[in-house]
Amino acid sequence: MRHTLPHAPQFYVTAPQPCPYLHGRAERKLFTALQGDNAADLNNALSRQGFRRSQNVLYRPSCESCVACMSARIRVADFAPTRTQRRVHQRNTALRRLATSAWATEEQFELFRRYLDRRHADGGMADMDIFEFAAMIEETPVKTRVIEYRCDDDAMPELRPGDDHLAAVCLTDVLDDGLSLVYSFYDPLLTPASLGTYIILDHIEIARAANLPYVYLGYWVPGSRKMDYKARFSALEIYKGGVWQDIGNPEDHSNEAHPLSVDPIVEQVARIALPQFDR
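The numbering of the sequence shown is this note's numbering, which starts it at 245 and goes up by one.
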């Protein structure tokens with residue numbers, strides 16, 4: 245179904261599919277194309293309203309009877325690591341960060357496959373081939389970077405000896421008010437090193453050095469064990485009820501919603517604040 249605003253992008257809604265986060269529920273997404281000269285402005289504006297980017301599409305959950313998925317971001321200036329997070333950072337000091345353009349490599353794909361096979365073998369990306377992987381990395385109309393984390397193998401006892409090792413990768417969008425972690429993956433042999441947490445910690449440092457106020461983490465879903473780790477970061481905000489707010493006590497956010505409390509798609513689209521487009 246298509247929904248259109250005058251002189252603005254066209255919005256569409258997907259058919260319901262099984263929810264990947266909450267068993268027994270169905271997900272539906274509101275999405276629009278990200279293309280043309282206004283792509284960066286649209287990405288910035290909609291990211292501030294709970295949308296996420298996937299290649300040349302911006303999307304936001306718009307389920308018929310559930311509002312559990314909430315966009316999450318960290319306020320960089322107010323973030324203070326926990327003791328556990330400081331240990332994670334210290335454990336990974338041997339990693340070297342390398343920021344590159346959005347260009348896929350065979351080495352990245354091999355790491356991506358190992359990660360999926362070990363961590364998400366039954367997920368929606370499980371069957372991705374190298375061409376689909378390249379599209380995920382390279383099809384971006386906005387400012388995007390691939391952040392690689394590398395190390396000498398003798399710095400990580402879990403690895404076989406060698407000169408250089410690709411430990412983790414994060415596809416990152418650079419917004420006008422922060423960094424958005426589009427997708428990250430890491431060597432499953434290094435699971436004890438908590439590289440997922442380390443990548444977020446390092447992006448907080450990158451954002452601080454660049455004077456960017458936020459690090460966008462994607463969606464947080466109360467009741468989903470896959471998403472619990474995001475709530476462990478301090479200064480975390482969630483996009484709920486059309487506004488950003490402190491997460492507070494994660495247990496206070498119910499993942500239930502009565503069907504009548506979910507606004508119709510047309511009303512949701514009408515409330516989206518868009519940048520000025522040429523007529």
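Heads up, the beta-carbon is just placed ideally off N, CA and C, and yes, glycines get one too. Remember, it's a predicted structure, so these values are computed and weren't measured experimentally.
Once you ignore the five residues that flank residue i on each side, which residues in its own chain have a CB closer than 6 Å to its CB?
i: A284; result: V386
i: L419; result: N288 and S291
i: D472; result: none
Determine, using beta carbons only, whether residue i and residue j come nearer to each other than 8 Å.
i: K484; j: M314; result: yes
i: S438; j: A412; result: no
i: V487; j: V320; result: no
i: I391; j: A453; result: no
i: I443; j: F323; result: no
i: E495; j: R317; result: no
i: C395; j: L445; result: no
i: C220; j: A252; result: Not covered by the structure: residue 220. The range shown for the chain is 245 to 523.
i: Q329; j: A517; result: no
i: G462; j: R341; result: no
For residue i, collect the residues of the same chain with a Cβ closer than 8 Å to its Cβ; drop the 5 residues on either side in sequence, then sort them by chain order.
i: P519; result: N282, D285, L286, N288 and A289
i: L266; result: C310, A312, V465, G467, S468 and N499
i: F275; result: F255, Y256, V257, T258, V301, L302, Y303 and R304
i: E350; result: I374
i: I491; result: A316, W464, A475, L480, E481, I482 and H497
i: T326; result: R476 and S478
i: A346; result: I381, E382, T384, T388, R389, V390 and L415
i: P192; result: As shown, the chain starts at 245 and ends at 523. That puts residue 192 outside it, with no answer to give.
Here's the rule: buried if 16 or more other CB atoms are within 10 angstroms of the residue's CB, otherwise exposed. What is residue i?
i: F353; result: buried
i: T441; result: buried
i: S291; result: buried
i: L249; result: In this prediction, L249 has a pLDDT of 45, which is less than 50 and means its spatial position is unreliable; nothing more can be read from the coordinates.
i: R331; result: exposed
i: D417; result: buried
i: A451; result: buried
i: N336; result: buried
Is residue i near the ligand SAM, with its Cβ less than 7 Å from a heavy atom?
i: E511; result: In the structure shown, the ligand SAM is absent, as is every other ligand, since no ligand is present at all.
Here's a check: name, in chain order, each residue in its chain whose Cβ is nearer than 7 Å to the Cβ of residue i, leaving out the five neighbours to either side.
i: S306; result: V257, R272, K273, L274, I509 and Q512
i: A348; result: F377, A378, I381 and E382
i: Q489; result: E481 and I482
i: L355; result: L410, V413, F429 and D431
Looking at chain D, is there any beta carbon in it that lies within less than 8 Å of the beta carbon of residue i?
i: S428; result: The structure shown has no chain D; it contains just one protein chain.
Quick check: the stretch 267 to 284 against the stretch 371 to 387, are there 3 or more CB pairs under 8 Å? Remark: three or more beta-carbon pairs, one from each stretch, lie closer than 8 Å, so the stretch 267 to 284 and the stretch 371 to 387 are flagged as touching.
### Query
Can at least three beta-carbon pairs, one atom from the stretch 353 to 363 and one from the stretch 432 to 446, be found at a separation below 8 Å?
yes
**Asked** Does the stretch 305 to 314 come within contact of the stretch 417 to 427, defined as at least 3 CB pairs closer than 8 Å?
**Response** They do not touch, by the three-pair rule.
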